[in-house]
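Below: the structure, in structure tokens.
Number of protein chains: 2
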Amino acid sequence: MNSNMEKPYVVGIDIGGTNTVFGIVDARGTIVASSSIKTGAYAQVEEYVDEVCKNLLPLIVANGGVDKVKGIGIGAPNGNFYSGTIEFAPNLPWKGVIPLAAMFEERLGIPTALTNDANAAAIGEMTYGAARGMKDFIMITLGTGVGSGIVINGQLVYGHDGFAGELGHVIVRRDGRMCGCGRKGCLETYCSATGVTRSAREFLTSSTEPSLLRAIPAESITSKDVYDAAVKGDKLALDIFEFTGQVLGEALADFIAFSSPEAIVLFGGLAKSGEYIFKPIQKAIDENILTIYKGKTKLLMSELKDADAAVLGASALGWEIK
Amino acid sequence: MNSNMEKPYVVGIDIGGTNTVFGIVDARGTIVASSSIKTGAYAQVEEYVDEVCKNLLPLIVANGGVDKVKGIGIGAPNGNFYSGTIEFAPNLPWKGVIPLAAMFEERLGIPTALTNDANAAAIGEMTYGAARGMKDFIMITLGTGVGSGIVINGQLVYGHDGFAGELGHVIVRRDGRMCGCGRKGCLETYCSATGVTRSAREFLTSSTEPSLLRAIPAESITSKDVYDAAVKGDKLALDIFEFTGQVLGEALADFIAFSSPEAIVLFGGLAKSGEYIFKPIQKAIDENILTIYKGKTKLLMSELKDADAAVLGASALGWEIK
Numbered sequence: 007m008n009s010n011m012e013k014p015y016v017v018g019i020d021i022g023g024t025n026t027v028f029g030i031v032d033a034r035g036t037i038v039a040s041s042s043i044k045t046g047a048y049a050q051v052e053e054y055v056d057e058v059c060k061n062l063l064p065l066i067v068a069n070g071g072v073d074k075v076k077g078i079g080i081g082a083p084n085g086n087f088y089s090g091t092i093e094f095a096p097n098l099p100w101k102g103v104i105p106l107a108a109m110f111e112e113r114l115g116i117p118t119a120l121t122n123d124a125n126a127a128a129i130g131e132m133t134y135g136a137a138r139g140m141k142d143f144i145m146i147t148l149g150t151g152v153g154s155g156i157v158i159n160g161q162l163v164y165g166h167d168g169f170a171g172e173l174g175h176v177i178v179r180r181d182g183r184m185c186g187c188g189r190k191g192c193l194e195t196y197c198s199a200t201g202v203t204r205s206a207r208e209f210l211t212s213s214t215e216p217s218l219l220r221a222i223p224a225e226s227i228t229s230k231d232v233y234d235a236a237v238k239g240d241k242l243a244l245d246i247f248e249f250t251g252q253v254l255g256e257a258l259a260d261f262i263a264f265s266s267p268e269a270i271v272l273f274g275g276l277a278k279s280g281e282y283i284f285k286p287i288q289k290a291i292d293e294n295i296l297t298i299y300k301g302k303t304k305l306l307m308s309e310l311k312d313a314d315a316a317v318l319g320a321s322a323l324g325w326e327i328k
Numbered sequence: 007m008n009s010n011m012e013k014p015y016v017v018g019i020d021i022g023g024t025n026t027v028f029g030i031v032d033a034r035g036t037i038v039a040s041s042s043i044k045t046g047a048y049a050q051v052e053e054y055v056d057e058v059c060k061n062l063l064p065l066i067v068a069n070g071g072v073d074k075v076k077g078i079g080i081g082a083p084n085g086n087f088y089s090g091t092i093e094f095a096p097n098l099p100w101k102g103v104i105p106l107a108a109m110f111e112e113r114l115g116i117p118t119a120l121t122n123d124a125n126a127a128a129i130g131e132m133t134y135g136a137a138r139g140m141k142d143f144i145m146i147t148l149g150t151g152v153g154s155g156i157v158i159n160g161q162l163v164y165g166h167d168g169f170a171g172e173l174g175h176v177i178v179r180r181d182g183r184m185c186g187c188g189r190k191g192c193l194e195t196y197c198s199a200t201g202v203t204r205s206a207r208e209f210l211t212s213s214t215e216p217s218l219l220r221a222i223p224a225e226s227i228t229s230k231d232v233y234d235a236a237v238k239g240d241k242l243a244l245d246i247f248e249f250t251g252q253v254l255g256e257a258l259a260d261f262i263a264f265s266s267p268e269a270i271v272l273f274g275g276l277a278k279s280g281e282y283i284f285k286p287i288q289k290a291i292d293e294n295i296l297t298i299y300k301g302k303t304k305l306l307m308s309e310l311k312d313a314d315a316a317v318l319g320a321s322a323l324g325w326e327i328k
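Protein sequences, first through last, are from chains A and B. Going from the first sequence to this note's numbering is simple: count from 1 and add 6. Going from the second sequence to this note's numbering is simple: count from 1 and add 6.
Shown next as structure tokens:
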């Protein structure tokens with residue numbers, strides 16, 4: 007606690023394919039200052055780091071200077087915690103292995119750690135959110151894809167190479183839907199926002215049931231459309247959620263057999279569909295779980311506010327730096 | 007190291023449904039003395055503990071007395087590390103929750119820890135075997151059933167309730183083979199010794215291919231028979247190993263996405279089928295693994311001698327007691 011008194015802030019940098027958002031965060035999870043730049047506008051990673059620093063440094067100075075910052079945490083696609091590098095990230099402009107943590111550390115003189123976005127979300131949830139005080143939980147992020155961060159014995163699981171926890175690519179249906187990773191039947195082909203829209207198209211084709219969704223051109227249906235239809239009691243939309251929740255619940259029952267977590271925390275747009283998705287997930291967990299685990303693992307919704315979650319998650323890593 | 011000098015031994019007690027084997031083990035993994043009793047002969051657990059102590063104490067005394075023993079480790083079915091209890095073990099004579107670690111600790115005055123047999127095997131492998139020096143690996147025990155022990159960041163994964171790591175009950179085929187746990191399609195219905203014999207019966211029924219196995223009454227075929235036939239080049243037996251290895255390899259590819267281990271260590275009768283089983287496992291891992299993990303996780307055979315493995319594994323837990 008002493009070091010937090012002396013250094014009351016951390017910096018969180020969330021690197022997305024479109025935007026990079028960064029902010030200064032205190033120990034209670036309040037973002038005291040933040041800003042953002044366009045990630046894609048910088049073909050050279052040096053220019054990019056310069057631009058982040060140019061925008062970030064004034065915020066740091068306004069809050070007491072670099073001496074008040076305990077650490078910088080970065081959440082980035084394909085981020086490797088051990089090496090502090092981004093490795094072959096398909097949606098970022100810089101190719102190969104980028105030593106991003108070292109670059110920021112050098113520019114700003116503040117210890118910097120880096121991990122992937124789902125791991126950052128898990129640390130954020132443990133530090134400021136629904137998993138406060140928990141030593142064993144699994145974070146599942148339901149976005150365009152499905153990500154995960156696994157915490158065991160109070161530590162994030164990085165594995166021997168820094169890349170553990172790709173539960174979105176556990177295969178849930180052998181020879182199932184084609185996945186962007188080149189394999190078939192991955193969890194994220196069913197339970198991401200994209201997965202829900204694929205299900206919508208399948209369900210609309212394979213049945214003749216009337217549905218509000220039939221008014222929307224098949225190719226432009228979003229998971230939000232499915233949610234809106236479900237809220238209006240649309241049977242087909244409810245069936246889509248039922249199916250999505252079942253596939254996810256079956257997978258979660260298997261994940262529980264791995265690490266027997268106290269809770270599974272769901273984050274992201276789909277998680278906000280509330281009971282429409284939580285009920286079928288819980289039902290599928292209950293029906294598929296080994297007796298020894300029955301009724302023990304809580305299914306929770308993230309408590310981090312959407313707009314802040316990415317920066318908070320990344321920033322939480324800043325507290326962990328030894 | 008100092009405390010090992012003062013207390014150079016640990017005691018391992020392996021509790022099986024038939025026999026209980028116990029021994030005194032030194033820091034290099036040499037069993038300096040051992041003995042056994044019949045587990046099933048004692049309807050009351052108090053009698054059982056008395057009998058183990060009556061046989062164990064002379065061995066301890068002959069090796070310098072209780073002051074030379076750092077700890078006792080017990081491997082037992084349904085063992086819970088946190089509480090030191092055996093809970094509702096179907097194959098043991100004592101029902102309900104049995105505080106076995108406390109009972110031994112009280113009788114002998116030596117700190118005692120307890121875990122399930124597969125976890126004990128993992129700690130044994132990390133202390134004396136193929137996983138020496140590794141901080142991240144998964145132990146898979148292929149016996150009558152399939153068990154597992156998961157090590158992450160150098161620590162055994164117990165989960166929030168002490169029961170983590172039941173990978174034998176991850177569902178690998180939805181609506182697949184009926185499992186003893188009451189569910190369908192668990193890994194152990196395919197990849198245990200029992201699973202291999204089930205496969206043998208299925209393969210013999212579904213094809214008319216000549217096979218050495220047809221000379222054996224279907225109900226009495228063992229996994230050893232399948233191995234013996236495979237060694238003689240029997241096509242059907244080789245197909246059975248191919249199938250078993252494929253199912254296991256597919257499952258291992260998913261386990262790697264969880265904890266990205268440095269190695270997976272296979273233990274038990276089936277693992278000793280060598281290339282017949284390792285080749286198809288490795289092939290299925292390679293074909294099913296996410297690109298990011300490709301070629302990184304070693305597939306190893308246990309280095310613990312069969313006869314000693316259970317006692318060594320349990321004993322290794324004795325070193326871990328704080």
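Ideal Cβ placement from N, Cα and C applies to all residues, glycine included. If you're wondering where the values come from, they're calculated on a predicted model, not measured in any experiment.
### Query
From what residue to what residue does the beta strand (DSSP E) around asparagine 25 of chain B run?
Unbroken beta strand (DSSP E) run through asparagine 25 of chain B: 25 to 32.
### Query
tyrosine 15 of chain A and lysine 60 of chain A: beta carbons closer than 7 Å?
Contact flag unset, no.
### Task
State the beta-bridge partners of glutamate 93 of chain B as determined by DSSP.
Per DSSP, B:Val103.
### Query
At a Cβ threshold of 7 Å, is leucine 296 of chain A touching chain B?
Taking Cβ atoms only, chain B reaches closer than 7 Å to leucine 296 of chain A, which makes this a yes.
### Message
What does the alpha-carbon distance come out to for the pair asparagine 25 of chain A and valine 58 of chain A?
### Response
Straight-line Cα distance between these residues: approximately 11 Å.
### Task
Would you kindly work out how many angstroms separate the C-alpha atoms of phenylalanine 264 of chain A and lysine 311 of chain A, rounded to a whole number?
Approximately 29 Å, taken between the alpha carbons.
#### Entry: Contact residues within the region 158 to 172 of chain A, judged by C-beta distance below 9 Å to chain B
Result list: Ile158, Asn159, Gln161, Val163, Tyr164, Gly165, His166, Asp167, Gly168, Phe169, Ala170, Gly171, Glu172.
### Task
Alpha carbon to alpha carbon, how far is glycine 22 of chain A from alanine 316 of chain A? Give it in angstroms, no decimals.
Distance between the alpha carbons of alanine 316 of chain A and glycine 22 of chain A: 9 Å.
### Message
If you follow the beta strand (DSSP E) that threonine 121 of chain A is in, where does it begin and where does it stop?
### Response
Note, threonine 121 of chain A: beta strand (DSSP E), 118 to 121.
#### Entry: Proximity test, Cβ basis, 7 Å: lysine 328 of chain A and chain B
Not closer than 7 Å to any Cβ of chain B, the Cβ of lysine 328 of chain A fails to qualify, so no.
### Message
Determine, for phenylalanine 264 of chain A, whether the minimum Cβ-Cβ distance to residues of chain B falls below 7 Å.
### Response
For phenylalanine 264 of chain A, the nearest CB of chain B lies under 7 Å from its own CB, placing it at the interface with that chain.
### Task
Within the region 209 to 286 of chain A, note down every full alpha helix (DSSP H) run reaching 4 residues or more, in order along the chain.
Unbroken alpha helix (DSSP H) stretches of 4 residues or longer found wholly inside the region 209 to 286 of chain A: 229 to 237, 241 to 265, given in chain order.
### Query
Which class does glutamate 184 of chain A belong to by DSSP, given the choice of helix, strand or coil?
Correcting the residue identity first, residue 184 of chain A is methionine in this sequence and not glutamate. Note: methionine 184 of chain A maps to strand in three-state DSSP.
### Task
Kindly identify the DSSP beta-bridge partner or partners of glutamine 161 of chain A.
In the DSSP output, where bridge partners are listed per residue, glutamine 161 of chain A has A:Ile158.
### Message
Using a Cβ-Cβ distance cut-off of 7 Å, determine whether glutamate 194 of chain B contacts chain A.
### Response
Not a single CB atom of chain A sits nearer than 7 Å to the CB of glutamate 194 of chain B.
### Query
Would the beta-carbon of valine 178 of chain A fall within 7 Å of that of alanine 257 of chain A?
Taking 7 Å as the Cβ cut-off, valine 178 of chain A and alanine 257 of chain A qualify as a contacting pair.
#### Entry: Which of helix, strand or coil DSSP assigns to serine 205 of chain A
The answer is helix: DSSP assigns serine 205 of chain A an H, G or I state.
### Task
Return the residue from the list B:Gly275, B:Glu208, B:Ala313, B:Gln288 that minimises the CA-CA distance to threonine 147 of chain B.
Residue nearest to threonine 147 of chain B within the set B:Gly275, B:Glu208, B:Ala313, B:Gln288 is B:Gly275 (criterion: CA-CA distance).
### Task
Grab the span of the beta strand (DSSP E) containing isoleucine 146 of chain A for me, first residue to last.
From DSSP, the beta strand (DSSP E) with isoleucine 146 of chain A extends over 143 to 148.
### Message
Rounded to the nearest angstrom, what separates alanine 206 of chain A and valine 271 of chain A at their Cα positions?
### Response
Looking at the two C-alpha atoms, the distance is approximately 25 Å.
### Query
If we ignore side chains and look at the alpha-carbon of each, how far apart do glycine 165 of chain B and isoleucine 19 of chain A end up?
Using only the alpha carbons, I get a separation of about 31 Å.
### Message
By the DSSP assignment, the alpha helix (DSSP H) with phenylalanine 321 of chain B in it spans what residues?
### Response
Before going on, a small fix: residue 321 of chain B reads as serine here, not phenylalanine. Note, serine 321 of chain B: alpha helix (DSSP H), 312 to 326.
### Task
Would you verify that the beta carbon of aspartate 142 of chain B is, or is not, closer than 7 Å to some beta carbon of chain A?
Cβ-Cβ to chain A under 7 Å: yes for aspartate 142 of chain B.
#### Entry: Beta carbon of leucine 306 of chain A nearer than 7 Å to that of alanine 136 of chain A
Against a cut-off of 7 Å, the Cβ pair of alanine 136 of chain A and leucine 306 of chain A comes out as a contact.
#### Entry: Per-residue DSSP class, three states only, for leucine 173 of chain B
It is helical.
### Query
Out of B:Arg183, B:Ala199, B:Thr200, which has the shortest C-alpha to C-alpha gap to cysteine 192 of chain B?
For the residues B:Arg183, B:Ala199, B:Thr200, the minimum Cα distance to cysteine 192 of chain B belongs to B:Arg183.
### Query
Could you give the C-beta distance for isoleucine 283 of chain B and isoleucine 262 of chain B, rounded to a whole number, given that I count them as a contact under 8 Å?
Incorrect: roughly 18 Å between the Cβ atoms, too far for contact.
### Test item: CB-CB of valine 72 of chain B and glycine 29 of chain B under 7 Å
For valine 72 of chain B and glycine 29 of chain B, no; Cβs fall outside 7 Å.
### Message
When you compare the CB of isoleucine 246 of chain B with every CB in chain A, is at least one pair closer than 7 Å?
### Response
So, not an interface residue.
### Range covered by the alpha helix (DSSP H) that runs through leucine 65 of chain B
Start and end: 51 to 68.
### Task
Have a look at B:Ala95, B:Lys328, B:Thr297, B:Asp231 and flag the residue whose alpha-carbon is nearest the alpha-carbon of isoleucine 298 of chain A.
Among B:Ala95, B:Lys328, B:Thr297, B:Asp231, the Cα nearest to that of isoleucine 298 of chain A is on B:Ala95.
### Near the ligand SAH: valine 55 of chain A beta-carbon under 6 Å from a heavy atom
Absence of the ligand SAH from the depicted structure is noted, as is the absence of any ligand whatsoever, leaving it without description.
### Query
Taking buried to mean at least 16 other C-beta atoms within 10 Å of its own C-beta, is lysine 76 of chain A buried or exposed?
Here lysine 76 of chain A is buried. Its C-beta has 16 or more other C-beta atoms within 10 Å.
### Message
Can you pull the chain B neighbours of glycine 1 of chain A, defined as C-beta to C-beta under 8 Å?
### Response
Nothing about residue 1 of chain A can be read from this structure; chain A reaches only from 7 to 328.
### Task
Could you tell me if alanine 49 of chain A is buried or exposed, where buried requires 16 or more neighbouring beta carbons within 10 angstroms of its beta carbon?
By the neighbour-count rule (16 or more Cβ atoms within 10 Å), alanine 49 of chain A is not buried but exposed.
### Message
Contact defined as beta carbons within less than 8 Å: I believe glycine 171 of chain A pairs with glutamate 194 of chain A. What is the distance between those atoms, to the nearest angstrom?
### Response
Not confirmed; about 13 Å, so no contact.
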